[in-house]
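Below you'll find the structure, written out as structure tokens, and then a few comments.
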Amino acid sequence: MAEHDTINGLIALYRDLNARVRGLPEERLLIKDGKGESVRHVVTRLRDNEMHFSQALKEAISGVPIPEALVHGHHPVIGTESESDTTAIILSQFGTARESTLAMVRTLTTEDWDRIEEGGESIRVRIKEHMTRNNRSMEQIVGLLGSP
């Protein structure tokens, strides 16, 4: 049942992100704080991190290695990214990557969740760590928006 809660947590984060950000004007999402961060920057990092995580999960499940370019720090691509993308488009790209993650996670057996991979962590632990990073990003977005 813990797996079901984890999947629901992955879905809930995307819904919360969508609800907080999607309808806001782009100008609001580009406002930077004292550290130079904006909601758009955080959403972009969320997208990039989700694409990396999805690729790493694919490698852990299938054994197909992560493409060499991603290993050396290049950003993964969906194929539709552009410098002129609005935050809403970046959010949609995050959603595409999250759905890929969810599709793979839904196929895991309990044994798969708990199997120890290279690096000494189970998929379950890796997903929980990913969710923790996502939650920190959401807290940052809430702070940038000035919401409670």
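In this note's numbering, the protein residues as written are 26 to 173.
Beta carbons: idealized from backbone N, C-alpha and C, even for Gly.
Note that this is a predicted model, so its numbers are computed, not measured.
Under the assumption that Val167 contacts Phe119 (Cβ atoms under 8 Å), give the Cβ distance between them as a whole number of angstroms.
-> Position 142 of the sequence shown, counted from the start, is the residue given in the question as residue 167. Position 94 of the sequence shown, counted from the start, is the residue given in the question as residue 119. Not a contact, Cβ separation roughly 17 Å.
Coil, strand or helix - Ser63 by DSSP = Here residue 63 is taken as the residue at index 38 of the sequence shown, counted from 1. In the structure shown, Ser63 adopts coil according to DSSP, grouped into three states.
Within 10 angstroms of its Cβ, does Thr134 collect 16 or more other Cβ (buried), or is it exposed?
-> Position 109 of the sequence shown, counted from the start, is the residue given in the question as residue 134. With fewer than 16 neighbouring CB atoms inside 10 Å of its own CB, Thr134 falls in the exposed class.
For Ile148, which beta-bridge partners are listed by DSSP?
-> Stepping through the sequence shown from its first residue, residue 148 is reached at position 123. Answer is none; Ile148 lacks a bridge partner.
From which residue to which residue does the alpha helix (DSSP H) around Val130 run?
-> For the purposes of this step, residue 130 is identified with residue 105 of the sequence shown, where counting begins at 1. For Val130, the uninterrupted alpha helix (DSSP H) run begins and ends at 112 to 131, by DSSP.
What number of angstroms, rounded off, separates the C-alpha of Met76 from the C-alpha of Leu55?
-> Mapped onto the sequence shown, residue 76 falls at position 51. Mapped onto the sequence shown, residue 55 falls at position 30. Cα-Cα distance, rounded: 22 Å.
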